[in-house]
Structures are given as structure tokens and as C-alpha cells.
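Residue numbers (the working numbering), protein chains in the order written: chain B, 2 to 507; chain E, -2 to 318. Okay, so here's the structure we're looking at.
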């Protein structure tokens, strides 16, 4: 049984901690284009477990601020669609120089901030500089530090020069909010260009958005959106059952799904997720310095059984860090697949025929404790003894992430395209393969996406064969909504939740 | 009595001063760094240092402490590290939920427990006296979140009479909605609180029923009701007031479980979030305000006991006979 008491302390920090190294999102359609008329002046009530910490995504706003404001209140030069495609948003057009280092963006005409000011190239320059500033806490800071120079030849043109080629540059820009360069306080107020303005944020309770009458594009399909924040998944489900909210952005309580699945008043959608549960080895710590030991542990654990016990019929098995929605996906579930006999053989070859013992640092919120217990029982079958050490997410950050003082740990990695971290030998898991590091660098400096994809596929295969980590499973992304709603995002990938296409029947 | 009041007031202020030192120091002994909670996981050491500087956690502890005291003296609880919002209004908005919740639950619990406890003692040989006693024993064993979930299932999910949780974002400017939101949480706390109060009232009443002065009063010709009213109730209420004070104080922050079950933006949940995020100003603010409230409740309880029982007036604090 999954008790949700852990959510009390769990989600608060999990929201800040979950490895939000990059973010991606979805738009597009939820459910079918249902018949009947919908109310243009409806209020859509959205239930979520992720309250923003503050309203600024360069100042540690957390995943909640992405969910509530990205695309709704703030817009980037580009946006990421539901199937992971990059589309132009505030950029009307752009050109890349032959050297691959200069990007010239032409801004859309007639775009106004909520304060009434016209969008100019100065605002774009300011917004980019904010992300790479010294005190920036943006998760995209390190990716965008390739920006060498930003010029603004006229009010609608921005010229960005990079210090080296970066194939992900445009993709990374989908994460940069364009803010009014004259805005004073962006941590507790906003000034964006999106289809909604912020009405009010009552901390601990709700955040409301109103349709912006001066929006440059198609007006939002509803008049008002209210995000209601819950700390407890059961309380959130109860809110949906009593119509206090119309939709839950990301269902985290698998036990509760039955009451919605068999009820015509609700729709349950199973979208594409990018959140992976990892058993991360410290590749610098014995015995996980030995590839055979890592392979053996990976082969000893029956991921399918674990997934079923946590999520029932939902979720997917993955054989590597790459979810099916990433362009360089390949089905690698057969690599180091469940095979206890092979695990025993590998352990013997590595000189551990009598097994060994290690400590597993386990975050204290779901699903980590469940997974840890399961892993302990699986590894006991091949003679490996697991000592479970339960820690808070804050301790995890200090002990595991910063000090690398661990042998193995469990962690959820929420982002798309985060395979590239295996190319960074300084990352917490300490995977250091010269070839992989080179491929990742070459991929980033590639001239075409095909070239990039090709290289990252190699990285994918190599890290999977090396069992750099054990990728236990891919979470499902489950949205539950009242059947009165349509047009909501179903993939919401990490955190984004575009609300402007949501139609609500009266 | 005036001298007592002055001494008791001085005692309150000294306690508050000591408590603020202790809570400031204890908070700094927590493992971890608030700058961690503020920065993204990919943060560089420079980013973390910048965050530390921005929130002032790089300065020496005594300096941080005097800075905080200086702010307190000006009635300013500081600014949240995480949200950049001032802590004072935040605490006030949470008190708008927690204080009505606690007081209403408290009053309801007293209204249930005092008559029920009295009957359970006075009629302890009848079937309903024994039943009351049994029910209250059972009530003590009921976990508050379980009772909350049952009430939600019955009155919100099935009957649909009341909301299953949440509090209107506009708070008390929607009074009907705010009251509806608090009905089930109040009932939950009151039921659990009254279960233990019944036991205290019952045992205090039993003491009184067996006392010499009551027997004497009856022998002098007072009716049972009059003897109870003039002598029994007064004596029985002294220990009960001590317990009431403690119950009231612990509910103020102890409502965190109920707040979580009913998704109420109360003081307890603000504290829990603050601790998880290492948001020192928020945690300090909440603890300071609640310490003050607890000390004030103790003050009022002591005072009430002294008004009721003149024998206590020489003592500084406490109400045990």
C-alpha cells in the first residue's frame, strides 16, 4: 500500500530537487475533440502537487513555476510541442550563419507585454543575459554559456554569436522566458507576453491566471485558470472526485486510478513521460568501478516485476537513459536484461563469487523506499547484500550529489534529452569514458541533427552496455480530467502544462 | 494580584527571549544548507555561493541572529529565502485559517467533553456512563488522519454536502465558502481532542465527587447540584484548565496532519514546507509566532486558575493543587 504521508515532506523538496536539468513540455491535445459546445468564459480548475517556490525560473522557482507560467504567462522565442518538436513562437524567423556560430532572429511584430510595453530586441537580450548571469539559478545556465555576444541592430532583430557550435541552441531557447527588461520584481510578480496574466498567487493554496485581452495570437479558449496546490495525492484525488478541480496535471497515486477509470465522468490518459527511475552506481566507488559488477546487478533485478508492483499496468521498461520521445531512442531493454544466472556468472568473473555488501542511499519519498526493498530482495538471490540507508532529499543533495559520498543511490531523473550527462565525468555518478565524452561533445557541435542523433545513439548503446546506471523503468505520465474538458496537454512532459487550449463544456 | 501579573509578564518575556535563542540555534544545527534548496541541481559552486550571499547565510551566526532580532523589534519577520515574499503577511494569512480552525475545534471539544466527562464520572455505574468512558478510550486510539479520511469519504465524497478539502483562495472574503471548508477539519480535531478531554474531566470530577468538602456541603444541606456548582466545578476546573491550555497550544501547530488531509493552507503546513526547504526566515517566523501564542495561552490559563482558586495566587506558574 502506498501511504501518502511521505508526500508531506517528500513533494515539497522533491519539487525543487527532482533533477530538473533541462525542461521540455507538451502542448497539443488532450482527449478527443468532443462534441457539444464549450464555454468561452469558463474557469478551468487545475489540481497540482507542485506549487512554485517563487515566480522566477532563473531564481529557483522550481518545476511548479514551469507548470503554471511556461507558455501560459511567459513565452520564449521558440516553444516545444507535445511530441518534442521545436516551433517558432516569439521568433517569426531565424537564420544560422554558415559557420554555425551566428544566429539572427527576427521578432514577431505587434507583441505586447502584459504591462502594455511593446516587445523589442532589447527585452530578448536582457532575458538571455538574465539566464547566463552570475547569480542565475537557471537549470539552462550551463547550456547557454556558449553565448559570446548578443547584438540588437534594430528593434526587431537579435544577433547571437556563440563561442562554439551548439546544435541544441534553439532547443535550449525554448526554456528561456522573454521578460520585460523594465520589470522590477519577477519573483513575486510577472511581466510576460503569454495568453494569460497572473491574477493572484495565494501561497500554500492557489495561483490564478486571467485571459490577457491584448494577446498577439489566438485568445485562450477559457477565461480563467486556477492552479490549486495540494501536498497530498489523496487530497488531490478527492478534489477531483468532488469537482473542486477539473484536471490533475500528473497523477502520482496509482492506487487511485481505478475510481476514475471506470467512471464515465472522467478521462484517464497515459501520455509519454521522460521521468526515469535510476539505480545510480557511483562509478568511482568499489565495487562499481568494475563493469561486470554493474552488469551483474542490472541483470539480477527484474525491472518488470518492480514496475508492475509500483504502477500496475502503467509505465514502460527502458534499457537506457533515453525515453522513446527522445530522437536518439533505441529499444535497448535486451541489453543486460533480467537473467540471474548471468548475474551470478558475472559476479564470479569479477571475483565476487561469494557476493558483497553495499549501502543504497534511498530518498525517503515514494517510490524510492519501495524500489529499495525490492532491489534488496532481488540482489539477495545472487548473494549481494544491500543495506538501505534512507535519507531526505536535502541530504541526498549534499551527500550524494555534491560530495559524491555514496556507493549507489536511487533517484528519479525527470528530463528529456538528459543522456548527455554521461558525457560529463564530473557528474555525481562519476561515469568516465573518454569515447563517450568525445561523442557527446561532437554531438553538441554537430552540423546536422542527423549527425547529432547518430552520435548520441552510440552514446546510448555504449552506456547501456556498460551498465553506467541501472535504468529501472520509465514512469507513466497520467493525466486525469473531468470528461467536460478537452484540449489539455497529455504529455506535460516534465512540468509544462499549457492551459490555453483547454475547452470546458458548460 | 497586580504584582503577580507583573512577575508573570516578566516571566513570559524572558521565556520568549530564551525561546528565540534556542530556536535560532537549533535551526542552524539542521544538516544541509538553504542555498542547496534554492539552486538547481546542476548549480556550480559560484551559483551556490551567490545564493548564499543573497540570503545572508554566509555571514557569521551572531550577526545573523542580531539582524533577526533587530527585524523582530520592528515587527518584521523577514523575507522568505525561497519565495522572496515577506514572512509576516504569510504567517498572518495562515493564522487566518489556523486560528479559527483551532478555536472552533477547541470550543466544540470543550462543549462535548465537559458534559460528557461529568456524566461519565457521575453516572459511572450506569450503562451510558460506562459507554461514554469506553468510547472516549477508543477515541484516543483513533489516528487523526484516519478519522479525517473517513469523514471526507462519508460527508464529501458520498453525500457531497461539504468540500473534501481546500480553502477558498480569497479566504474570508468568501465567508460561506470558508466556513464550509472548515466544518470537517473542525469536527475531526474536536472529536479527537474531546476523546482525551473526556478522560481528564472524568477523573477530575471523580476526585471532586469523593472529596470531603463536597460531602460537608451536602451534609450542611446543599443540594447535589448546588454543591457541585459552588464547590465541585471550581475545584475540578483547575486541573482541567491546565490540560485545556496544553491541548490548545499543541493543536495550533499539531493541526499539520489535519491541514494535510484537508489541503488547508495553515500554519503547520507552512512550517513543514519551510523546514523541508531550509527556509530559515519562514521557520523562525512560524516558530516565533507560535511560541508567543503558546506562552500567551499559558499566561491566560494561569491567570484563569488564579481567579478560580485563590490558594494558587502565591505561585508564579502551574496549576496543580
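The beta carbon of each residue, even a glycine, is placed where N, CA and C say it ideally should be. Computed from a predicted model, the values in this text were never measured in an experiment.
The alpha helix (DSSP H) enclosing residue i, as first and last residue numbers
i                      : result
residue 204 of chain E : 172 to 206
residue 46 of chain E  : 42 to 52
residue 304 of chain B : 304 to 312
residue 1 of chain E   : -1 to 25
residue 322 of chain E : Nothing in the structure corresponds to residue 322 of chain E, since chain E is present only between -2 and 318.
residue 47 of chain B  : Where residue 47 of chain B is concerned, there is no enclosing alpha helix (DSSP H), although the beta strand (DSSP E) it sits in stretches over 44 to 49.
residue 67 of chain B  : 63 to 70
residue 259 of chain B : 259 to 262
residue 70 of chain E  : 58 to 70
residue 239 of chain B : 234 to 242
residue 165 of chain B : Looking at the DSSP string, residue 165 of chain B is not in any alpha helix (DSSP H), and its letter there is neither H nor E.
residue 317 of chain B : Counting along the chain, residue 317 of chain B falls outside any alpha helix (DSSP H), and DSSP gives it neither H nor E.
residue 268 of chain B : It is not in any alpha helix (DSSP H) - residue 268 of chain B instead sits in the beta strand (DSSP E) that spans 267 to 272.
As assigned by DSSP and simplified to three states, the class of residue i
i                      : result
residue 227 of chain E : helix
residue 126 of chain E : helix
residue 131 of chain E : helix
residue 98 of chain B  : coil
residue 202 of chain B : strand
residue 229 of chain B : strand
residue 480 of chain B : strand
residue 377 of chain B : helix
residue 337 of chain B : coil
residue 438 of chain B : helix
residue 1 of chain B   : Past the boundaries of the shown model lies residue 1 of chain B; chain B is included only from 2 to 507, so the question cannot be answered.
residue 496 of chain B : coil
residue 39 of chain B  : strand
residue 32 of chain B  : In this predicted model, residue 32 of chain B has a pLDDT of only 43, less than 50, meaning its place in the structure is not dependable; the value taken from the coordinates is given anyway. If DSSP states are grouped into helix, strand and coil, residue 32 of chain B belongs with coil.
residue 505 of chain B : strand
Residue i versus residue j: straight-line alpha-carbon distance, rounded
i                      : j                      : result
residue 316 of chain B : residue 154 of chain B : 49 Å
residue 352 of chain B : residue 404 of chain B : 29 Å
residue 228 of chain E : residue 211 of chain E : 7 Å
residue 393 of chain B : residue 79 of chain E  : 18 Å
residue 513 of chain B : residue 448 of chain B : With chain B represented from 2 up to 507, any question about residue 513 of chain B goes unanswered, as that position is not in the structure.
residue 134 of chain B : residue 81 of chain E  : 19 Å
residue 0 of chain E   : residue 297 of chain E : 16 Å
residue 85 of chain B  : residue 276 of chain B : 14 Å
residue 505 of chain B : residue 212 of chain B : 15 Å
residue 67 of chain B  : residue 53 of chain B  : 8 Å
residue 33 of chain B  : residue 240 of chain B : With a pLDDT of 43 at residue 33 of chain B, under the threshold of 50, the modelled position of this residue cannot be trusted; read the value that follows with caution. Distance between the alpha carbons of residue 33 of chain B and residue 240 of chain B: 24 Å.
residue 406 of chain B : residue 288 of chain B : 14 Å
residue 207 of chain B : residue 472 of chain B : 35 Å
residue 77 of chain E  : residue 234 of chain E : 43 Å
residue 286 of chain E : residue 340 of chain B : 58 Å
residue 251 of chain B : residue 364 of chain B : 20 Å
residue 196 of chain E : residue 108 of chain E : 14 Å
residue 53 of chain E  : residue 201 of chain B : 29 Å
residue -2 of chain E  : residue 398 of chain B : 56 Å
residue 156 of chain E : residue 64 of chain B  : 36 Å
First and last residue of the uninterrupted beta strand (DSSP E) at residue i
i                      : result
residue 275 of chain E : Per DSSP, residue 275 of chain E belongs to no beta strand (DSSP E) and is neither H nor E.
residue 151 of chain B : 148 to 155
residue 412 of chain B : 409 to 414
(message) Could you check whether the stretch 251 to 266 of chain B touches the stretch 218 to 231 of chain B, counting it as contact only if at least three pairs of C-beta atoms, one from each stretch, sit closer than 8 Å?
(response) no
(request) Could you name the residues of the stretch 192 to 211 of chain B whose beta carbon sits closer than 8 Å to any beta carbon of chain E, in the order they occur along the chain? (result) 201, 203, 204, 205, 206, 207, 209
(request) Indicate whether the contact test is met: 3 or more Cβ pairs, each with one atom in the stretch 56 to 63 of chain B and one in the stretch 241 to 256 of chain B, closer than 8 Å. (result) no
(request) Residues of the stretch 47 to 74 of chain B with a CB closer than 7 Å to any CB of chain E: list them in chain order, please. (result) 54, 55, 61
(request) Flag this pair as touching only if the stretch 208 to 227 of chain B and the stretch 489 to 502 of chain B have three or more C-beta atom pairs under 8 Å; answer yes or no. (result) yes
(message) Using 8 Å as the cut-off, can you tell me whether the stretch 255 to 262 of chain E makes contact with the stretch 41 to 48 of chain E, which would need three or more C-beta pairs spanning the two stretches below that distance?
(response) no
(request) Please determine if the stretch 168 to 185 of chain B and the stretch 117 to 131 of chain B are in contact, where contact requires at least 3 C-beta pairs separated by less than 8 Å. (result) yes
(message) Quick check: the stretch 300 to 314 of chain E against the stretch 229 to 247 of chain E, are at least 3 beta-carbon pairs closer than 8 Å?
(response) yes
(request) Indicate whether the contact test is met: 3 or more Cβ pairs, each with one atom in the stretch 134 to 152 of chain E and one in the stretch 177 to 189 of chain E, closer than 8 Å. (result) yes
(request) Give, in chain order, every residue of the stretch 43 to 62 of chain E whose Cβ lies closer than 9 Å to some Cβ of chain B. (result) 43, 44, 45, 47, 48, 50, 51
(message) Taking beta-carbon pairs under 8 Å, can you tell me which members of the stretch 488 to 507 of chain B lie near chain E?
(response) none
(message) For the stretch 286 to 298 of chain E, list every residue whose C-beta sits within 7 Å of some C-beta in chain B, in sequence order.
(response) none
(request) With 8 Å as the limit, tell me which residues of the stretch 231 to 249 of chain B have their beta carbon closer than that to any beta carbon of chain E; keep them in chain order. (result) 231, 232, 233, 235, 236, 237, 239, 240, 242, 243, 245
(message) Within 8 Å, do at least three Cβ pairs link the stretch 404 to 424 of chain B to the stretch 452 to 465 of chain B?
(response) yes
(message) Does the stretch 283 to 300 of chain B come into contact with the stretch 13 to 26 of chain E, if we say contact requires no fewer than three beta-carbon pairs (one atom in each stretch) closer than 8 Å?
(response) no
(message) Under 8 Å: do the stretch 62 to 70 of chain E and the stretch 433 to 451 of chain B share three or more Cβ pairs, one atom per stretch?
(response) no
(request) Note down, in chain order, all residues in the stretch 153 to 166 of chain E with a beta-carbon under 8 Å from any beta-carbon belonging to chain B. (result) 153, 154, 157, 160, 161, 162, 163, 164, 166
(message) Does the structure place the stretch 142 to 157 of chain B close enough to the stretch 189 to 203 of chain B that three or more beta carbon pairs sit under 8 Å?
(response) no
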